[in-house]
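Everything in the sequence shown is counted per this note's numbering, starting at 3 for the first residue and increasing by one. One structure is given here, and the rest of the page talks about it.
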Amino acid sequence: MRRMNGPQRRRRRAGLLTGGLAGTLLIGTGAWAAEPPRPDEGNAKQIITERCSTCHERQADGSLHRIDHVRKTPEGWTMTLFRMNQIHSANLSPEDSRALVAYLSARQGLAPEETAPYRYILERLPAVVETPIADGDLSVMCARCHSAARFGLQRRDADEWKRLANFHLGQFPSIEYSLQGRDRKWWEIASTQTPQVLGQKFPFKTKEWADWQQAAKPDLAGVWAVTGHRPGLGRYGGTATVAVERDGYSVRYDLTDAGGKPLSGTGKALVYTGYEWRGTATLGGQEVREVFAASKDGQSLSGRWFLPDHDEVGATVTAVRTGTAPTILGFSQEHVKTGTSARVTVWGSGLDGGPVDFGPGVTVKTLSQSATAAVVEVAAAANAAPGARTVSVGKAKGGGFTVYAALDSVLVEPAFTIARVGGNGGATPPVSAQFEAIGYLNGPDGKPGTADDIRVGALPAAWTLEPFNEAAKLMEDVKFAGTIGPSGLFAPALAGPNPQRAFGTNNIGDLKVVATVKDGAATLTGDGRLISTVQRWNDPPIR
Numbered sequence: 003m004r005r006m007n008g009p010q011r012r013r014r015r016a017g018l019l020t021g022g023l024a025g026t027l028l029i030g031t032g033a034w035a036a037e038p039p040r041p042d043e044g045n046a047k048q049i050i051t052e053r054c055s056t057c058h059e060r061q062a063d064g065s066l067h068r069i070d071h072v073r074k075t076p077e078g079w080t081m082t083l084f085r086m087n088q089i090h091s092a093n094l095s096p097e098d099s100r101a102l103v104a105y106l107s108a109r110q111g112l113a114p115e116e117t118a119p120y121r122y123i124l125e126r127l128p129a130v131v132e133t134p135i136a137d138g139d140l141s142v143m144c145a146r147c148h149s150a151a152r153f154g155l156q157r158r159d160a161d162e163w164k165r166l167a168n169f170h171l172g173q174f175p176s177i178e179y180s181l182q183g184r185d186r187k188w189w190e191i192a193s194t195q196t197p198q199v200l201g202q203k204f205p206f207k208t209k210e211w212a213d214w215q216q217a218a219k220p221d222l223a224g225v226w227a228v229t230g231h232r233p234g235l236g237r238y239g240g241t242a243t244v245a246v247e248r249d250g251y252s253v254r255y256d257l258t259d260a261g262g263k264p265l266s267g268t269g270k271a272l273v274y275t276g277y278e279w280r281g282t283a284t285l286g287g288q289e290v291r292e293v294f295a296a297s298k299d300g301q302s303l304s305g306r307w308f309l310p311d312h313d314e315v316g317a318t319v320t321a322v323r324t325g326t327a328p329t330i331l332g333f334s335q336e337h338v339k340t341g342t343s344a345r346v347t348v349w350g351s352g353l354d355g356g357p358v359d360f361g362p363g364v365t366v367k368t369l370s371q372s373a374t375a376a377v378v379e380v381a382a383a384a385n386a387a388p389g390a391r392t393v394s395v396g397k398a399k400g401g402g403f404t405v406y407a408a409l410d411s412v413l414v415e416p417a418f419t420i421a422r423v424g425g426n427g428g429a430t431p432p433v434s435a436q437f438e439a440i441g442y443l444n445g446p447d448g449k450p451g452t453a454d455d456i457r458v459g460a461l462p463a464a465w466t467l468e469p470f471n472e473a474a475k476l477m478e479d480v481k482f483a484g485t486i487g488p489s490g491l492f493a494p495a496l497a498g499p500n501p502q503r504a505f506g507t508n509n510i511g512d513l514k515v516v517a518t519v520k521d522g523a524a525t526l527t528g529d530g531r532l533i534s535t536v537q538r539w540n541d542p543p544i545r
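Structure follows, in structure tokens:
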């Protein structure tokens, strides 16, 4: 097999899901269609008969061994087909694989409720620290090598989970002897207890999947109101117009960033399993990939878009159909300080139905107003009451806006994340890390860092790096690991051994990321932890 470099691997990873699509981002109005478009399944049944059933035998009940007893996401089926080509010489062409992913995702996918807890892994959201799974010690038995989401996005009965354990041992023989495997009777547990736990937590047959198979699937064509947030750059919003095109959708969107700069573009997408949106787009001149999920009623979309070769760089997406119930989705700026004024864009749907109100002590001058955006000048009186506000535009209401007199604390988000060295002539690009300084007000308990704190939002900050601990200080990690820019973006150093470092080690580091925020005469700081480490050589669609 021809070896692919890092960018090629990442493009191939997305290719089976987006097919030949070029150029998407957002999404749809309209109601239910009798038969919404779906990815072309081509001659999938014939391919399975000719290429798959030679190894996967037909059972007495007519099902194919292994294949018909597993349910997965589009990404999960993509990984399976890649392995069939790589290890078992299935000789599936990209066209064959795309047809099979579409067919298998429709026939043996996951219901919306089943993917909901693990959207972060599909959206390739950085800086997620998974919550340990206590049941059956799955975090050690399974998630010590890959994410818990990887098995959480599969459905099998206990016998089929046991077959997967057998595959793991055959494919990765050292699994018994590696860390957290050799301290227990790993195979005894993996072949008896673990399949039973997995079969109970993630069974093949569920009510959710049975209901979703019978449910009408929404047509996502139409006009959508859109908003989102890109860490380091801020919020954006606008509209997206979606039209049916062949076996998927074409998209034209008209967005603006928080400063009013246009973000126009076009794209295309496919929808798997009736709700899994996978697309490509050109947004503001940048090529992006997106992973969204439609709600079961087809009235909203949520997810994330990201850069193809740097999926750590991206933005959240929330969209609702226009023409439905008036709603506020977000603001270009999420706060105003007492005694000051600001220009704020309110994004949402049904915003042309009445006056704009930010609550007592805040005067509003409307500069422009349409169904999906209201641009206003807000001025907070010096004695305006600090706290979270419910904003209304006619019948539309929404939270997420704060009036403040003085900040009480600043937190760095994310509190912990990982970057990776790269480049320097190697095939794997570096992985950056984006930080933001988030201001907070104390809640009713008067204490910072508690659950009732009131979020003010992202604020301008000065960024510095410090050694996280004494070992990092001795290794001069701050000097060698990378740099952080004025927007909070950490750029890791080049890959490879560095002869200037102690032991000639890589440019890795354990760093404290410090944000300093000026608030009038006061200065507040917050910090987070960043580990900049070595490259990841194996980067599958589901990590």
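All C-beta atoms in this analysis are idealised placements derived from N, C-alpha and C, irrespective of residue type, glycine included. All figures in this text were calculated on a predicted structure; none of them were measured in a lab.
Can you list the alpha helix (DSSP H) stretches of 4 or more residues lying completely in the stretch 176–232, in chain order?
-> 188–203 and 209–216
Proximity below 8 Å, CB of Pro431 to CB of Tyr406 = Position 429 of the sequence shown, counting from 1, holds the residue named residue 431. Position 404 of the sequence shown, counting from 1, holds the residue named residue 406. For Pro431 and Tyr406, no; Cβs fall outside 8 Å.
Just the Cα atoms here: how many angstroms apart are Trp211 and Glu115?
-> Within the sequence shown, the letter at position 209 stands for residue 211. Within the sequence shown, the letter at position 113 stands for residue 115. Trp211 and Glu115: Cα-Cα distance of roughly 9 Å.
Determine the extent of the alpha helix (DSSP H) in which Ile544 is found, giving its start and end residues.
-> Position 542 of the sequence shown, counted from the start, is the residue given in the question as residue 544. First-last for Ile544: undefined, no H or E at that position.
Name the DSSP beta bridge partners of Glu278, please?
-> Counting from one through the sequence shown, the residue named residue 278 turns up at place 276. Tyr274 and Ala295.
Evaluate the contact criterion for the stretch 245–253 versus the stretch 264–272: three or more CB pairs, one atom per stretch, below 8 Å.
-> yes
Length of the line joining the Cα atoms of Tyr105 and Asp213 | As a position in the sequence shown, residue 105 is number 103, starting the count at 1. As a position in the sequence shown, residue 213 is number 211, starting the count at 1. In a straight line, the C-alpha of Tyr105 is about 19 Å away from that of Asp213.
Can Pro543 and Glu278 be called in contact, C-beta distance under 8 Å?
-> Residue numbering aside, residue 543 sits at position 541 when the sequence shown is read from its first letter. Residue numbering aside, residue 278 sits at position 276 when the sequence shown is read from its first letter. No, the pair does not count as a contact, with Cβ atoms beyond the cut-off.
Return yes when the Cβ of Gly355 is within less than 8 Å of the Cβ of Ala382, no when it is not.
-> As a first step, residue 382 must be located in the sequence shown, where it is residue number 380. As a first step, residue 355 must be located in the sequence shown, where it is residue number 353. Taking 8 Å as the Cβ cut-off, Ala382 and Gly355 do not qualify as a contacting pair.
Between the C-alpha atoms of Thr229 and Phe360, what's the straight-line distance to the nearest angstrom?
-> For this step, residue 229 is matched to residue 227 along the sequence shown. For this step, residue 360 is matched to residue 358 along the sequence shown. Going by the C-alpha atoms only, they are around 19 Å apart.
Taking only the alpha-carbon atoms, compute the straight-line gap between Trp226 and Asn509 and give it to the nearest angstrom.
-> The residue you call residue 226 lines up with position 224 of the sequence shown. The residue you call residue 509 lines up with position 507 of the sequence shown. Computed Cα separation, rounded: 45 Å.
Who are the Cβ neighbours of Asn540 in its own chain at under 6 Å, not counting the five residues just before and after it?
-> Walking along the sequence shown from the start, residue 540 turns up at place 538. Within the same chain, Asn540 has no close Cβ partners at all.
Using three-state DSSP, classify Gly490 as helix, strand or coil.
-> Reading the sequence shown from its first residue, position 488 is the one you call residue 490. Three-state result, Gly490: coil.
Closest Cα partner of Leu491 within the set Ala245, Pro233, Glu379 and Phe169 | As a first step, residue 491 must be located in the sequence shown, where it is residue number 489. The candidate whose alpha carbon is nearest that of Leu491 is Pro233.
Go to Trp307, then tell me how far its beta strand (DSSP E) extends in each direction, as first and last residue.
-> Working through the sequence shown from its first residue, we reach residue 307 at position 305. Element bounds for Trp307: Ser302 to Leu309.
Per DSSP, which one or two residues make a beta bridge with Trp79?
-> In the sequence shown, residue 79 corresponds to position 77, counting from 1. None, per the DSSP bridge assignment.
Could you please give me the residues that DSSP links to Ile49 through a beta bridge?
-> Stepping through the sequence shown from its first residue, residue 49 is reached at position 47. According to DSSP, which records beta bridges pairwise, Ile49 is partnered with nothing at all.
Thr374 to Gly262, Cα distance in whole Å?
-> For the purposes of this step, residue 374 is taken as the residue at position 372 of the sequence shown. For the purposes of this step, residue 262 is taken as the residue at position 260 of the sequence shown. Roughly 14 Å between the two C-alpha positions.
Across which residues does DSSP place Pro96 in a beta bridge pair?
-> Taking the first residue of the sequence shown as position 1, residue 96 is located at position 94. Per DSSP, none; premise fails for Pro96.
Does DSSP classify Leu106 as helix, strand or coil?
-> On the sequence shown, position 104 is the one that residue 106 refers to. If DSSP states are grouped into helix, strand and coil, Leu106 belongs with the helices.
Three-state class that DSSP yields for His71 in the structure shown = Start at 1 with the first residue of the sequence shown, and residue 71 comes out as number 69. Reduced to three states, the DSSP call for His71 is helix.
How would you write the range of the beta strand (DSSP E) that Phe437 sits in, first residue to last?
-> One-based indexing of the sequence shown puts residue 437 at position 435. Looking at the DSSP string, Phe437 is not in any beta strand (DSSP E), and its letter there is neither H nor E.
Buried versus exposed call for Asp221 [16 or more other C-beta atoms within 10 Å across all chains shown] = Position 219 of the sequence shown holds residue 221. So Asp221 ends up on the buried side.
Asp512 - DSSP class collapsed to helix/strand/coil | The sequence position of residue 512 within the sequence shown is 510, counting from 1. Reduced to three states, the DSSP call for Asp512 is strand.
Pick from Gly281, Pro328 and Arg280: whose alpha carbon is nearest that of Gln301?
-> Taking the first residue of the sequence shown as position 1, residue 301 is located at position 299. If we check each option's Cα against that of Gln301, Pro328 comes out closest.
Sort out for me which residues DSSP pairs Trp465 with in a bridge.
-> Indexing the sequence shown from 1 puts residue 465 at position 463. Paired residue(s): Ala517.
Segment limits, beta strand (DSSP E) that includes Trp349 | Locating residue 349 in the sequence shown gives position 347, counting from the first residue. Where Trp349 is concerned, the enclosing beta strand (DSSP E) stretches over Ser343 to Ser351.
Cβ contact check for the stretch 343–351 and the stretch 317–332: 3 or more pairs under 8 Å | yes
Beta carbon of Asn426 nearer than 8 Å to that of Ala497 | Reading the sequence shown from its first residue, position 424 is the one you call residue 426. Reading the sequence shown from its first residue, position 495 is the one you call residue 497. Contact flag set, yes.
Tell me which same chain residues have a C-beta within less than 8 Å of the C-beta of Pro205, skipping the five on either side of it?
-> One-based indexing of the sequence shown puts residue 205 at position 203. So the list reads Arg157, Arg158 and Asp159, once near-sequence residues are dropped.
Does the separation of the CB atoms of Val358 and Ala344 fall below 8 Å?
-> The residue given as residue 358 occupies position 356 in the sequence shown. The residue given as residue 344 occupies position 342 in the sequence shown. Contact: no.
According to the Cβ coordinates, are Val414 and Leu526 closer than 8 Å?
-> Residue mapping note: residue 414 aligns to position 412 of the sequence shown, counting from 1. Residue mapping note: residue 526 aligns to position 524 of the sequence shown, counting from 1. No.
In or out: Tyr238 buried (at least 16 other Cβ within 10 Å) or exposed?
-> In the sequence shown, residue 238 corresponds to position 236, counting from 1. Result: buried.
Buried versus exposed call for Gln537 [16 or more other C-beta atoms within 10 Å across all chains shown] = To locate residue 537, count along the sequence shown from 1; it is residue 535. Per the 10 Å Cβ criterion, buried.
Which residues bound the alpha helix (DSSP H) around Thr117?
-> To locate residue 117, count along the sequence shown from 1; it is residue 115. From DSSP, the alpha helix (DSSP H) with Thr117 extends over Pro114 to Thr117.
Run through DSSP, which three-state label would Tyr170 get?
-> The sequence position of residue 170 within the sequence shown is 168, counting from 1. The sequence given here has His at residue 170, not Tyr. Helix.
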